[in-house]
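Numbering (the working numbering), first residue to last: 13 to 322.
One structure below.
In structure tokens:
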């Protein structure tokens, strides 16, 4: 549950539109998702072996400390704590708020409360504080409090939201592929006649962007010291979790490609919302916005649940 719950957060509902900007080919976009799934599975198998042999809380921190010494482990731990985890939590919470504006528009990050600028290293940086930023901070505080109250409470929240999100995603896929006003998709690998070098560069960029949506699969190893029979359960959870995610991602992307032309996808930030509107109208937009909010909430809770184990 944790693997699926953490990985399926905000990425899959945003990244395909960004991928379409660098890779205007429906066929290659799907290939990029397949390759991303294979790379993730390879990483999962590696971490499954490491997690089974070193079932301690901390995941990569433990692996790096034992392989390269305490200094390397110390540096990795602090980089993860000070930069990576903060960035992931901030990105997910802001995306949550952006989708939640469908229901409460005033929560938008465009609703600026304070704006300023400062100079650093000869550059000018603009800083804004909006209602959306405050809402994101409040969300992080609520989830942190939930997990502070106890692991069992946080785990029950995680499992509930994971089941709900998978159910809604499957419903979105089924309805998207069987009903609505979708169009026939050209899955040729090079519909624009671009040069080989341009395709390779675009594919590489799209693959990197797509891998963002797979991020979080390694979170399970952070809880290694709390998992029963880690040699068996870590392996099964990582393999089945990444496999399930890859299949769901492929099907979701087929729905996107059926709903929107490539040029429209490239200009879409909330691609799940736009695809739902194109297929089923305004009513479906509200449903998919709620689904994305639930998905991100569960994913963010999983990150906050597992993160302190580093």
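Built from N, CA and C at the ideal position, the CB exists for glycine as well.
Item: Spatial distance of residue 241 from residue 218 (CA atoms); Value: 38 Å
Item: Residue 230 burial status per 10 Å Cβ neighbour count (16 or more: buried); Value: buried
Item: Residue(s) in a DSSP beta bridge with residue 69; Value: 235
Item: Element boundaries [beta strand (DSSP E), containing residue 140]; Value: 135 to 142
Item: Best match in 148, 126 and 151 for proximity to residue 141 [C-alpha to C-alpha]; Value: 126
Item: Proximity to residue 143 [Cα-Cα], best of 159, 157, 289 and 109; Value: 109
Item: Span separating the alpha-carbon of residue 33 from that of residue 124; Value: 29 Å
Item: Span of the beta strand (DSSP E) around residue 293; Value: It is not in any beta strand (DSSP E) - residue 293 carries neither H nor E in the DSSP assignment.
Item: Proximity winner among 43, 35 and 37, relative to residue 261 (alpha-carbon distances); Value: 43
Item: Alpha-carbon to alpha-carbon, residue 82 and residue 113; Value: 45 Å
Item: Close beta carbons around residue 84, own chain, < 6 Å, minus the five adjacent residues each side; Value: 76
Item: Bridge-paired residues (DSSP) for residue 132; Value: 135
Item: Coarse secondary structure for residue 126, derived from DSSP in three states; Value: strand
Item: Nearest-angstrom Cα separation, counted from residue 246 out to residue 65; Value: 10 Å
Item: Helix, strand or coil at residue 301 according to DSSP, with G and I counted as helix; Value: helix
Item: Cα-Cα separation between residue 278 and residue 292, rounded to whole angstroms; Value: 20 Å
Item: Inter-residue Cα distance where the pair is residue 151 and residue 105; Value: 7 Å
Item: Option nearest residue 107 by Cα separation, candidates 284, 22, 213 and 310; Value: 22
Item: Cα-Cα separation between residue 263 and residue 93, rounded to whole angstroms; Value: 34 Å
Item: Check whether residue 224 and residue 310 have beta carbons under 9 Å apart; Value: no
Item: For residue 167, three-class secondary structure by DSSP; Value: helix
Item: Nearest-angstrom Cβ-Cβ length linking residue 356 and residue 254, presumed shorter than 8 Å; Value: This structure does not reach residue 356, given that the chain is present from 13 up to 322, and the question cannot be answered.
Item: Residue 220 burial status per 10 Å Cβ neighbour count (16 or more: buried); Value: exposed
Item: Cα-Cα separation, residue 270 to residue 74; Value: 44 Å
Item: Distance CB(residue 99)-CB(residue 281) smaller than 9 Å; Value: no
Item: Supposed contact pair residue 129 and residue 139 - C-beta distance, whole angstroms, cut 8 Å; Value: 7 Å
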